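To keep things clear, I will list the structure first and then write my remarks on it.
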Ligand SMILES: [Zn+2]
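Structure, rendered in structure tokens:
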């Protein structure tokens, strides 16, 4: 579930829509949490679907570290990529604001951290000074945001958390412990919760 102080707005004809803050969201705020209404699409569920679904799935779902696709039921699926994201941490089952997000600013994440398949790379026009130009499968993407993610997690107890009821203390503890681990180990730890 996406943070309640957000709304979907049109960005432009190329990008389509994005998720924008409607109130101040401080660093360390849970901006999204996996919830029971989100659809976990396992490889077994996807196998019977034909290739006509591939583009739709690439556009509307992301990959979790266990190899499933996740279809967010709400505006979470409209979050755009940025090479300088305002949110991060999706592998943990929740995302946090990596920076203070002001009203009118967009909630974004680094798609390079979302276990892209080779066919899902794209030319980026995020406009960030740090823009990589092309976003492709990138095993180092998670490491890129580790300092910001650690700082944001350390700030969690000092800011309002409207999504806190969706993240159990066990998930939060497991996420904090797994954040600095390689993807395979993150997957093992988080699935043990
Ligand atoms: Zn970019």
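Residue numbers (my numbering): 1 to 193.
Using N, Cα and C, we set each Cβ at its ideal position, and we do this for glycine too.
It should be emphasised that the depicted structure is a prediction, and the values quoted were computed from it without experimental measurement.
Can you determine whether any heavy atom of ligand 1 sits closer than 7 angstroms to the C-beta of residue i, and answer yes or no?
i, result
"residue 132", "yes"
"residue 72", "no"
"residue 87", "no"
"residue 140", "no"
"residue 154", "no"
"residue 136", "no"
"residue 82", "yes"
"residue 128", "yes"
Pull up the distance between the alpha-carbon of residue i and that of residue j, whole angstroms please.
i, j, result
"residue 22", "residue 66", "33 angstroms"
"residue 178", "residue 52", "36 angstroms"
"residue 35", "residue 172", "14 angstroms"
"residue 114", "residue 68", "11 angstroms"
"residue 116", "residue 78", "16 angstroms"
"residue 128", "residue 108", "12 angstroms"
"residue 24", "residue 154", "19 angstroms"
"residue 94", "residue 142", "14 angstroms"
"residue 146", "residue 63", "19 angstroms"
"residue 144", "residue 88", "11 angstroms"
"residue 72", "residue 42", "14 angstroms"
"residue 38", "residue 169", "20 angstroms"
"residue 161", "residue 150", "17 angstroms"
"residue 159", "residue 105", "18 angstroms"
"residue 122", "residue 58", "11 angstroms"
"residue 131", "residue 75", "24 angstroms"
Under 8 angstroms by Cβ, that's how I've got residue i and residue j pegged, so tell me the actual separation to the nearest angstrom.
i, j, result
"residue 175", "residue 40", "Going by Cβ atoms, the distance from residue 175 to residue 40 rounds to 18 angstroms, so no, they are not a contact pair."
Are at least three pairs of beta-carbons, each pair with one atom in the region 25-34 and one in the region 93-103, less than 8 angstroms apart? yes
Inter-stretch contact (C-beta, 8 angstroms, three-pair minimum) for the region 4-18 and the region 135-147: no
Would the region 79-92 count as touching the region 125-136 if we require 3 or more Cβ pairs under 8 angstroms? Yes, since at least three Cβ pairs between the region 79-92 and the region 125-136 fall closer than 8 angstroms, the two stretches touch.
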